[in-house]
Structures are given as C-alpha cells and as structure tokens.
Amino acid sequence: MALLEVSGVTFGYTGEPLFSDVAFKLEAGERGGLVAPNGAGKSTLLRVLAGDLEADKGFVVPKKGAKVGYYRQSHEVKSQGSVMDVLLSGFGELVALRHALAEAQVAAASGTEASLSRLSELDEQYHRAGADALERRVETIAEKLGFRMRDLDRDVTTLSGGERGRLSLGVVLAGEPEVLMLDEPTNHLDLETIRWLEQHLCAWRGAVLVVSHDRAFLDAVCPITMELGRSTFRVYPLPYSRYHEERADDLERERRLAEEQASFIEKTEDFIRRNMAGQKTKQAQSRQKMLDKLERVKGPEDVWARAERVRFRFAEAPRSGDIVLEAKGLGAARGGRQLFSGVDLLVRRGDRIGIVGPNGGGKTTLMKLLAERGAPEDVGTVRRGTNLREGYFDQQLGSLDKSRTGVEEIRSVRGDLNVDGARQYLARFRFYGEDPLRKVGSLSGGEATRLALAKLLLEPRNLLFLDEPTNHLDIPAAEILEEALVGFEGTVILVSHDRRFLETVTTRTLAFTPEGVDAFEGGFKDYGDALERKRQADAAAKPRPGAKPSAPPPKAAVKAPPPPAAGKAAGSERDARKVASRDVEKKRKRVADLEKQIADLEATLESFRADLKSTEGGQWERLHDLAVKDREYSELLERAMKEWVTLSEELAKAGDTASGAPK
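Sequential numbering from 0 applies to the sequence shown in this note's numbering.
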C-alpha cells in the first residue's frame, strides 16, 4: 500500500476552486517536487494533505499507522525552552522511552519479578532504538543545520526568524516520519546546509513531498515533478529541469488535438446543417449522434503561461566610473568572534559579484561594510568611485514600514506620484485591486519582497547591493529578476543561497572558507567547477589513466525508398471517368476504415486513461509508459480525424452519398 494516497482532492474559497481533482500516490523512497507559480495553492495543498484544512471533495489517506511530518513556512516551534529542549521534542518516542525507563528503574528498586522484567524489556528497547545516543543525535542535527554547540543552551525566544526556521526543520527531521512534507525548506539555509539536506533527503526511507522555489534543490532531491494547476494535476517521473521539455510536448499535443477536434466538430456540424432536411438526412442524424457522444477535448492549461509576470525594469542611471569600489583591510567581529579580516577587493563597473559561505560567517556583514552600513567597530577602508547611485535590498525587508500601505511606501520615495500613479506602478509587480492599499504587515513574504524591490527600482541605480533577493520569490519571478540583472548595465554585489540564480547572474565570487575570504575571478558556476576539480585532484593518490572509449561507428545512412512511378494519364474521357469512379470508391472505403479506426482509438485511449488513474503511485515506469502510449495514440487519433474530415469533404464535393461517421 502507498504511504500516501490522494484521490480527487478539490479545495477552494467562496465556492471558487483553487485546485481540483488532485490525485497521486507516494510509496516509500519516492520523492516528489510540487511546482507551480505563487498563488496556485501549493502551500494550501500541503495543509490539506497534513489535515490542517479539509478538502471540499476527495480524500487523503496516509498508510495506517504512518507518521506524517510537516515543515511549515510559519516556523512553528515551542515558545519556551532551549534549543536542545526543542530539538529533543522531535525525538518524541525516544524521549518517552527514556522517561519510561527512568520510571522502571525506580520501580525495580522494589525487587519484584514483574518490575525487573519490565526494566529488562525497556532497557533492551532503549538500546535497540539508539536512545542512549540521543544527545549526540540532537547535536548532529543541530550542527548540520548551522547551530554551534553553545547555541544549544540558548532560549528559543532569542532566535532570529531564520534560526527559528532551521530549528523547526530540525524538529520535523528528527521525528523521522514515514511521510515528510516540506514547504520551502531551503529559505534560511546556507549552501553547505542545503547540500547536507539534499543528501539527507535522498537517503530518506519514507515518502517525501517538497514545495520549493530552489531549482537546483528540486533537481537534486526530487526525481518526480508534480505540477499543480487550477483544473489539472500533472505528474512526471522527471526532475524539474527535465520535466519542462516533456510537458511542452504534452501541451502542444493537447493543443493540436483540441484544434483538430474543434475543426472536426465545426465541419461536421456544417454537414449536419446542410443535410438534415435533404437526401442525406440519415447520414446527418448519424453524425449528430456521434457528436453527442464525442467527449470534448479542452485546450491545455499552461500554469506557467498564466502566471502573471513581474516587470523588473531598471530606471536609466548615469554611467559610473570604471573603478566602483576599492576596499582595503576590511575586518569585522561580532559577539567576540572574528568574522573576517584583511579583506581587499577592487570592484569594477559591470561586475556582478556573488558573496557565498556558511550562515553566520559574515557575508551580509561584509556587504554592509562595502555599502557603508557597517558597525562603528568594523575596520578597513572603502574608497568609492565617481557618479555612484546606490541601492540596497535588505533580506529582513528593513526598508519597509509595516504600518504603511504599499502606496504609501512608493510615495515615500516618489512624492510626485499620486495614488493612481503609485497603483499603476505597483501593478508591474503584481499588486492589483485593493492590494496596494494593504498594510505592509499583512503581506506575505513574496509580496513584501516584491514591494521592497519595487521601491528599490523607483530611482536610477548603477550600484546594487542585494541580500537574498530571491528568498520569497516564485520561480518565474526569480528567473525574470535574473534576466533583468544580467542585462543591468551597472554593478551588482549580492548574497544568495540560490545556486541557479548565482550561476546565471554572477561574474565574480567572494567565498567565505575556513582559511578566510577567497576572491575568485569567475562566476559561481566556474567557482564550483574549480572546487570540484580540486576535490578530485586531492582525492586521487595518483592519476589513473583510463582507456578512451572508441567512438561508435557512424550509422549507415538510411535511404528513402524511391517515389512510386507516376501512373499513365488516361487517354480518353471514358478512362478518366473510370479512374474518378475508382478514386471515389477508394475514398469511400478509406472513410469507412477511418471511422472504425477512430472508434477503436478512442476506446484504446479510454482504456489507457483508466489504467493511468488506477496504477499505483510507485509504478513510475509503468505510468511513464502509459503516458507515452497515450501521446502516441492521441497523435494517431488526431491524424485519423484530420484525414476523415478531408476525405469527407472531398466526397461531399464529388456528390458522394457515402454514409457514416465514427460511432
């Protein structure tokens, strides 16, 4: 039985479905990535699956006795206690076993046979479950999620939002649920922690369902991609970066089929109108019956196409000098710990520099020093170039006032804009209707991020400092921001953990390493490739030359068969009539064959689609085979219908009285 089975789930607000007929199964060891633009209902679907919300229709069935773990974006953790206390709560069963063992030890002091037997039984369970190493397991998870040993005694009330997010994730992972659901788990993780989480999830023995805007994370973790639409739910046994090509084929096939069917219906209805009261009444009635039975093919729902595009457009700014920044001897310490020292950096016009490294290492601190936002005790000098127009995006969204509306935020920068002008500007960032009049404090993370970027781009900038700009953006918005930054004529210095974003945008890299801050003259992808080459070189005791495989022999050219010889033209009018008669007879026979073929293909497709619905979720190879066959037979049906329409028209023009239509 599947660990999680979902069938026909529909959910909406005020009678309007947000999504409908969601159906899938996940077996042990399967990992699916749930993707769609913001607002499609991904987080809402997870809440329905977790039981926080009740579906309007359909059912959600976890395997009996299966434990379900759900990581929410809201980072819900205990409101009191230490970090260690909270993480221990994730190991609920082991903690309960430890308490039971302690009670049994007290009871065993009586020396009764029953108490000693109970103590022996619990002691065996305790060691078999690994509860004797519970603290070490907590420390391992804490360390992997970026907490230091001294953090374990910190009160949870002192944690930042990002730290609470990592703690909440640790609690869910510690419980080792059979069904694990994660809503944007990488939002507050650094690159090293993301890589650990990827490895951890790939070894997960249960079923995993992930919502994430991190494309590299989806590719690494999820070999299954699930696309959520308003009226469709598509499942592909492919990672995110590969599913687009196959879905594009599906959409094109569905589009062609819908167009062909619409043409087929239009021409058939025209035939019915012209012949219902004439000599071909029987044929017209037959074709009307066929149309009445015909299942209408809807045009495909393209969830990404209907996602409204954010328009990140930079105001034209003056050209800065060739040297933008010259930093020397930068250093900073926080809480008695040295973050970095002796950092020298020369920033040239047009550079797009990515700052990467572990959380708490000093990435944002360094960027603040470069932006003249450092603390008084920080050291070093930063000489600024000429003609600079600077802008700073703060991942904490400190540029926004929670008590203001979106319109008020925009007018705080551009007082010359009236309310209508501010609303029109905000519409470029997907704020419509009453959205611009909402208080900043009521906005979602994605909405607040878009508002902060909208405010940043109001004025001409030629030097941008961006701290985690994609944290709450959906995939389309992140990709549009990438395009805008690649085309930006100014200079960019940014901090991000989004690997695809870094690979696309950056031209230089500043990496925080145990040895210090490493300046690399290449983008993040080049930096990663260089690290991988170094790892391989260090791992190899000595080169092991391997035989280079020989190239496969070239395939023999396939020659097309020669075209059939053209028949001799009839030499007489009588021969021409015979040829025309034979041609009509052939077309009449072909129409009859096509009608049977169409009926058979429709029956076969119906059978395939019934199999698709009933096939167990774990049988992804069979699901893929059925989907491929569905496409192949749909194309055959499309061609058959097209040919049937063409031949029927030709026969009608020739005055043929052939009856029939697909039944």
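Positions of the beta carbon are idealized from the N, C-alpha and C atoms, including for glycine.
Check                                                                                                                       : Outcome
Member of Arg437, Gly440, Leu2 and Gly405 whose CA lies at the smallest distance from the CA of Tyr424                      : Gly405
Status (buried if at least 16 other CB within 10 Å, exposed otherwise) for Asn417                                           : exposed
Member of Tyr235, Arg403 and Ser230 whose CA lies at the smallest distance from the CA of Cys221                            : Tyr235
Option in Glu631, Val583 and Arg589 with minimal Cα separation from Leu600                                                  : Glu631
Chain-order list of residues whose beta-carbon lies under 6 Å from that of Leu48 (same chain, five-residue window excluded) : Val59
Burial state of Tyr431 (16 or more Cβ within 10 Å)                                                                          : exposed
Residue span of the alpha helix (DSSP H) that contains Gly527, given as start and end                                       : Phe523 to Ala538
Among Arg97, Glu102 and Asp152, the one whose alpha carbon lies nearest that of Ala130                                      : Arg97
8 Å Cβ cutoff met for Pro375 and Phe511                                                                                     : no
Buried/exposed call for Tyr69, threshold 16 Cβ in 10 Å                                                                      : buried
Neighbour-count burial assignment, Arg460, 16 or more Cβ in a 10 Å radius                                                   : buried
Chain-order list of residues whose beta-carbon lies under 6 Å from that of Val67 (same chain, five-residue window excluded) : Pro61, Pro176 and Val178
Buried versus exposed call for Val485 [16 or more other C-beta atoms within 10 Å across all chains shown]                   : exposed
Burial state of Glu584, where buried means 16 or more other Cβ atoms lie within 10 Å                                        : exposed
Beta-carbon proximity check, Leu457 vs Val412, cutoff 8 Å                                                                   : yes
Nearest neighbour of Val664, chosen from Ala518, Leu472, Gln72 and Asp321 [CA to CA]                                        : Lying outside 0 to 662, the shown extent of the chain, residue 664 is not represented and no answer is given.
Between the CA atoms of Ala331 and Gln337 - distance to the nearest angstrom                                                : 6 Å
Simplified DSSP state of Ile264, which is helix, strand or coil                                                             : helix
Residues near Gly11 in its chain [Cβ-Cβ closer than 7 Å; skip 5 each side]                                                  : Leu17 and Asp55
CB contact flag (Arg30, Val207, <8 Å)                                                                                       : yes
8 Å contact criterion, which Val494 and Lys367 should meet: CB distance rounded                                             : Going by Cβ atoms, the distance from Val494 to Lys367 rounds to 10 Å, so no, they are not a contact pair.
Inter-residue CB distance, Arg403 and Val439 (contact presumed, cutoff 8 Å)                                                 : 6 Å
Member of Cys201, Gly145, Ser42 and Val323 whose CA lies at the smallest distance from the CA of Arg382                     : Val323
With 16 other Cβ atoms within 10 Å as the buried cut-off, status of His471                                                  : buried
Those runs of the beta strand (DSSP E) which lie wholly inside the region 364-389 and span at least 3 residues              : 378-383
Backbone CA spacing between Tyr391 and Arg449 [nearest angstrom]                                                            : 14 Å
Closest by C-alpha distance to Gln596, when choosing among Leu625, Gly110 and Leu636                                        : Leu636
Presumed contact (8 Å Cβ cut-off) between Thr503 and Asp350, rounded CB distance                                            : 15 Å between Cβ atoms; not a contact.
Beta-bridge partners of Ser495, as assigned by DSSP                                                                         : Per DSSP, none; premise fails for Ser495.
Close beta carbons around Leu227, own chain, < 8 Å, minus the five adjacent residues each side                              : Phe18, Val21, Leu33, Val34, Ala35, Ala39, Gly40, Lys41, Leu44 and Val302
Start-end ranges of the alpha helix (DSSP H) lying completely within the region 219-304, minimum 4 residues                 : 239-274 and 280-292
Reduced DSSP secondary structure (H/G/I, E/B, other) of Thr13                                                               : coil
DSSP-derived helix/strand/coil call for Arg318                                                                              : coil
Ala602 versus Met289 - alpha carbon distance                                                                                : 14 Å
For Glu75, three-class secondary structure by DSSP                                                                          : coil
Beta-carbon proximity check, Val85 vs Leu144, cutoff 8 Å                                                                    : no
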